[in-house]
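Be aware that the sequence shown starts at 1, since it is given in UniProt numbering, and climbs by one per residue. Cβ atoms here follow ideal geometry from the backbone N, Cα and C, with glycine treated the same way. For reference, the structure is listed below as structure tokens.
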Amino acid sequence: MSKKHPIISVTGSSGAGTSTVKHTFDQIFRREGVKAVSIEGDAFHRFNRADMKAELDRRYAAGDATFSHFSYEANELKELERVFREYGETGQGRTRTYVHDDAEAARTGVAPGNFTDWRDFDSDSHLLFYEGLHGAVVNSEVNIAGLADLKIGVVPVINLEWIQKIHRDRATRGYTTEAVTDVILRRMHAYVHCIVPQFSQTDINFQRVPVVDTSNPFIARWIPTADESVVVIRFRNPRGIDFPYLTSMIHGSWMSRANSIVVPGNKLDLAMQLILTPLIDRLVRESKVA
């Protein structure tokens, strides 16, 4: 970790809503005058779309039904670690863009399912902001978590995550419920072994919990709304967190444990603004002093 060039890492499982979280961070950065260079986890996938399909087919034919984008070996984690380390030491680094759809293709000039060329970061940023699946990985080969100064986890409870994926894939990709179920089952091994352990490394976790019946996610007709949810916010180290202030400022919130606060689902943005703004300001102040 570098005081001079801080790194914020937001790690979320598929469908966790990290894009909404990124919007909240962007608001904070804009309001506080923080220039952040952003990188996406998708940029560090090992395969483009066609190659990933071929790799999935090859592994499935060989009897491996557990390989997915969640898997360590499907991602360039050593390169991600190198980028984190280089930025922490010098404020420099590089990234690229994975082109998801036609809109991004028109903007980048690269066909969907492929990567743009690598490009260097701007040289005058205050901090690095990562958002993706693997921002707090610790395994025998890499220690990405150890290079980040503020690690945020964003994860729905598992049934809600399944509901979100089923609805998204049916609506945008034309999948049947059965096809999405097969994908969920294929991803489960890597989810348990590669994604879940990261949430023990994060400094703050935001976990969305529905307060409606999600006992059978495969027949749910709609995704529970923010008004039908609460968010459990867990602090790895609660020292210095002003819980009475937070519960007084966020109507309907309460403490569930000595290191956890529960807020209404529609107050997530407010909670993040109140919690994260002073932490980001401190990182930037310390970087300027350094």
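For residue i, which residues does DSSP report across the bridge?
i	result
Met255	Ile261
Ala36	Leu127
Pro156	Arg208
Asn143	Val138
Lys151	Ser9
By DSSP, does residue i sit in helix, in strand, or in coil?
i	result
Val212	coil
Asp281	helix
Gln97	The sequence as given places Thr at residue 97; Gln does not occur at that position. Coil.
Lys4	coil
Asp117	coil
Gly41	helix
Leu276	helix
Leu133	coil
Asn48	coil
Thr202	coil
Asp122	coil
Ile28	helix
Arg239	coil
Ala271	helix
Pro197	helix
Trp222	coil
Pro217	helix
Ala111	coil
Ala74	helix
Ala290	coil
I'd like to check one pair, residue j with residue i: are the Cβ atoms closer than 8 Å?
i	j	result
Ala43	Tyr98	yes
Leu268	Phe199	no
Lys3	Glu228	no
Val157	Val192	no
Lys35	Ser125	yes
Lys151	Ala136	yes
His134	Gly12	no
Glu81	Ile144	yes
Arg119	Arg94	yes
Ile28	Leu276	yes
Lys78	Glu141	yes
Phe70	Leu56	no
Ile8	Asp149	yes
Asp203	Arg236	yes
Asp117	Arg96	yes
Pro112	Ala105	yes
His5	Gly91	yes
Taking residue i as part of the alpha helix (DSSP H), name the residues at either end of that continuous run.
i	result
Ile184	Thr177 to Ala190
Phe84	Leu77 to Thr90
Pro244	Phe243 to Met249
Ala105	Asp102 to Thr108
Report, in whole angstroms, the separation of the C-beta atoms of residue i and residue j, which I expect to be a contact under 8 Å.
i	j	result
residue 291	Arg234	A query on residue 291 cannot be resolved here, the shown segment of the chain reaching from 1 to 290 and no further.
Lys165	Val154	Between Val154 and Lys165 the Cβ distance is about 15 Å, and since that is not below 8 Å, they are no contact.
Val230	Val211	6 Å
Val262	Ser248	With a Cβ gap of about 15 Å, Val262 and Ser248 do not count as contacting.
Asn48	Phe115	6 Å
Val284	Leu127	7 Å
Thr24	Met272	5 Å
Ile163	Ala220	5 Å
Asp281	Glu32	6 Å
Trp218	Thr177	The question names Trp, yet the displayed sequence has Phe at residue 218. Sure, about 6 Å apart at Cβ, within 8 Å.
Span of the beta strand (DSSP E) holding residue i?
i	result
Arg234	Ser229 to Phe235
Thr66	Careful: Thr66 lies outside any beta strand (DSSP E) and carries neither H nor E.
Ser9	Ile7 to Gly12
Residue i CB to nearest chain C CB: under 8 Å?
i	result
Gln92	Considering every chain present, this structure includes no chain C. It has just one protein chain.
Should residue i be listed as close to the ligand ZN, given that the test is whether its C-beta is under 7 Å from any heavy atom?
i	result
Gln27	Here there are no bound small molecules, and the ligand ZN is not part of this structure.
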